[in-house]
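Q: Line order of the protein sequences matches chains A and C.
All residue numbers for the first sequence refer to our numbering, where the first residue is 6 and numbers rise by one.
All residue numbers for the second sequence refer to our numbering, where the first residue is 6 and numbers rise by one.
Ideal Cβ placement from N, Cα and C applies to all residues, glycine included.
Here's a structure for you.
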Amino acid sequence: MSDNTAAVRRAIELCFSDPQNESHLRRFDDLFRPLVMAILVSLYRKDPVFVEDAYQSAFIKYIEIFTSGKKDGVVYDAYFVAIAKNSLLDELRRNAKEVPLDEILALPTPTRGSELGEQEAGIAFFQALSSLDRRCQFLIESFYVNGMSQAELAKRLKIQVQSVPVLLSRCREALKNRLKK
Amino acid sequence: MMKAAAGRGIDVGRIVEIAEAIAPEVSVFDASLGVDEKCLSAEKLVQLLHQGVHGDDAAHLMSCSTCAENVRNLQSVSLKSSRDFVGNALKKTASERVAPFKEEFLPAILAISDKMIGVGTEEARDSLAFTFGLFPVNSNLDEIDVSSIQATGAIVSQGTPTVEFVDLNEDGRADFIRLTFAKGHLAARVQEAIRSHQNVVDTVRIDGNILREKGKKRLVGQARIEFANSADLLNG
């Protein structure tokens with residue numbers, strides 16, 4: 006684990022211990038923001054302007070979570086990144102940007118039962134996606150979030166264009182299996 | 006002040022259960038953000054914005070259009086929140102967006118593919134040739150007055166660099182600029198260390214002018230580089 010990850014985790018602990026303490030929250034923001042910004046600009050590559058608004062919305066949710074108390078066994082830094090990613094999708098939808106990922110989120114999966122709301126399903130989706138291999142993450146994010154063409158994907162992945170739909174299908178299957186667990 | 010777009014409430018308890026069930030094994034900040042596992046992580050991208058990049062990561066950056074794009078995009082957002090950001094978040098109100106850098110500067114990432122630069126004692130004085138990759142924030146690279154670019158700090162350039170615009174994914178847009186200075190010298194303090202057979206880490210700065218009709222801008226970038234006496238490197 007890098008020093009920064011360890012520092013972020015310590016800052017999260019402090020925020021849980023006193024969720025309304027501005028200096029704890031500021032310390033967490035100082036450490037977490039640059040890292041999550043790097044992740045968000047790589048998720049939505051077309052216009053970084055939405056990234057800032059997404060982070061603001063996500064930060065309000067972090068405060069809610071700090072206030073509701075720490076639960077054992079949760080890797081909060083990863084969980085907070087998934088929340089930020091889902092907030093970015095919300096931001097895009099709010100600005101009437103087409104998010105092809107909605108096609109995938111709308112698919113009935115065992116995890117996406119009727120008891121799960123849209124927000125929870127989105128966050129669960131990003132958590133599951135982050136556990137796939139990097140190539141699958143890149144394919145799904147680039148195709149379904151950025152609307153990258155199959156030709157462009159093939160060029161970046163250095164594969165034949167006709168292999169892209171096959172690979173996409175495999176990655177979707179792996180994602181579904183992950184969500185079933 | 007407007008209300009922040011927090012969206013409707015979320016079932017915190019339920020998503021915490023989900024988070025527990027499917028948490029990734031590797032830290033999200035150390036995981037690659039590109040096409041495969043070799044691509045740069047969030048941690049490395051943030052680090053190179055502050056310190057420049059050298060060695061294997063620099064070589065990768067100069068050959069991967071996705072990582073180059075990530076670097077450009079990251080340079081165009083602010084890595085620091087506004088002063089009232091946390092206070093506003095506690096009140097569920099939005100803060101103003103923060104400009105990523107001062108209006109008069111255009112930051113650039115300096116990439117050097119060697120992990121360590123080996124220099125001979127004579128070469129250090131006045132005949133040092135060197136090559137950098139330069140990744141400016143998302144901007145029209147044609148606006149950069151390449152004849153004005155110079156290196157200062159640990160390496161002091163002489164004359165105008167040779168410039169190559171590199172288009173990694175052949176989309177008609179340059180991803181970065183490769184600058185080669187045919188002649189330069191090391192700063193006196195670095196020369197002294199080389200003569201004494203000591204390795205030294207020092208900062209190289211690059212600056213140049215941006216050609217714009219309105220207002221003057223300066224291109225600025227820097228990287229920390231390790232220098233060693235090439236004779237010591239040959240002798241192991």
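Within its chain, find whatever has a CB closer than 8 Å to the CB of residue 49(A); leave out the 5 residues flanking it on each side and keep chain order.
A: 55, 56, 93, 97, 150, 151
Q: Does residue 39(A) come within less than 7 Å of chain C when only Cβ atoms are used?
A: yes
Q: Starting from residue 255(C), follow its DSSP beta bridges and name the residues at the other end.
A: A query on residue 255(C) cannot be resolved here, the shown segment of chain C reaching from 6 to 241 and no further.
Q: Suppose the cutoff is 6 Å on Cβ atoms and the five residues either side in sequence are ignored; what does the same chain contact list for residue 132(A) look like?
A: Hits under 6 Å: 87.
Q: Relative to the C-alpha of residue 115(C), which candidate in 147(C), 133(C), 154(C) has its C-alpha closest?
A: 154(C)
Q: Quick check: what's the CA-CA separation for residue 68(C) versus residue 45(C)?
A: 12 Å
Q: Please confirm if residue 42(C) has its CB atom under 7 Å from at least one CB of chain A.
A: yes
Q: Note down, in chain order, every chain C residue with its Cβ under 7 Å from the Cβ of residue 169(A).
A: The contacting residues do not exist; residue 169(A) stays about 13 Å from chain C at best.
Q: Three-state secondary structure (DSSP) at residue 214(C)?
A: strand
Q: Is there a Cβ from chain D that is less than 7 Å from the Cβ of residue 102(C)?
A: In the structure shown, chain D does not exist; the protein chains are A and C.
Q: Closest by CA to residue 188(C), which one among 160(C), 177(C), 176(C), 221(C)?
A: The residue with the shortest Cα to Cα distance from residue 188(C) is 160(C).
Q: Secondary structure at residue 164(A), three-state DSSP: helix, strand or coil?
A: coil
Q: Fully enclosed by the stretch 147–190 of chain C, which beta strand (DSSP E) runs are 3 residues long or longer?
A: 149–158, 160–163, 167–171, 181–186
Q: Please list the terminal residues of the continuous beta strand (DSSP E) segment that includes residue 227(C).
A: 222–234
Q: Using only the alpha-carbon positions, how far apart do residue 82(C) and residue 128(C) sit?
A: Looking at the two C-alpha atoms, the distance is approximately 40 Å.
Q: Under 8 Å Cβ-Cβ, which residues of chain A neighbour residue 95(C)?
A: 25, 27, 30, 68
Q: Taking residue 227(C) and residue 57(C) to be in contact with their CB atoms under 8 Å, please state how far apart those CB atoms are, rounded to whole angstroms.
A: 6 Å
Q: Helix, strand or coil for residue 121(C)? Go by DSSP, reduced to three states.
A: strand
Q: Report the option in 78(A), 180(A), 166(A) whose CA atom is closest to the CA atom of residue 146(A).
A: 180(A)
Q: Output, in chain order, the set of chain A residues within a Cβ distance shorter than 9 Å of residue 51(C).
A: 9, 39, 40, 42, 43
Q: Give a yes or no on whether the minimum CB-CB distance between residue 51(A) and chain C is below 7 Å.
A: False, the Cβ-Cβ gap to chain C never drops below 7 Å.
Q: Give me the Cα-Cα distance between residue 147(C) and residue 234(C), rounded to the nearest whole angstrom.
A: 37 Å
Q: For residue 13(A), which three-state DSSP category applies?
A: helix
Q: Helix, strand or coil: how does DSSP classify residue 170(A) here?
A: helix
Q: If you count every other CB in all the chains shown that lies within 10 Å of the CB of residue 38(A), and 16 or more means buried, which is it?
A: buried
Q: Within 7 Å of any Cβ in chain A, is that where the Cβ of residue 169(C) sits?
A: no
Q: Can you give me, in chain order, the residues of the stretch 119–143 of chain A that have a beta carbon less than 8 Å from any beta carbon in chain C?
A: Cβ contacts with chain C: 120, 121, 122, 124, 125, 128, 129, 132, 133, 135, 136, 138, 139, 140, 143.
Q: Within its chain, find whatever has a CB closer than 6 Å to the CB of residue 24(A); leave out the 5 residues flanking it on each side and keep chain order.
A: 71, 72
Q: Checking the sheet assignment: what are the DSSP bridge partners for residue 113(C)?
A: Note: residue 113(C) sits in a beta bridge opposite 141(C).
Q: Cβ atoms of residue 174(C) and residue 37(C): under 7 Å apart, would you say?
A: no
Q: Counting C-beta neighbours from all protein chains within 10 Å, is the total for residue 133(C) 16 or more, i.e. buried, or is it exposed?
A: buried
Q: Could you list which residues in chain A have their beta carbon closer than 7 Å to that of residue 99(C), in chain order?
A: 61
Q: For the alpha helix (DSSP H) holding residue 67(A), just list the boundary residues, first then last.
A: 54–73
Q: Taking DSSP as the reference, what is the three-state secondary structure of residue 82(C)?
A: coil
Q: Round the Cβ separation of residue 151(C) and residue 166(C) to the nearest angstrom and send it over; I've been treating them as touching at under 8 Å.
A: 7 Å
Q: From residue 170(A) to residue 49(C), what distance separates their C-alpha atoms?
A: 31 Å
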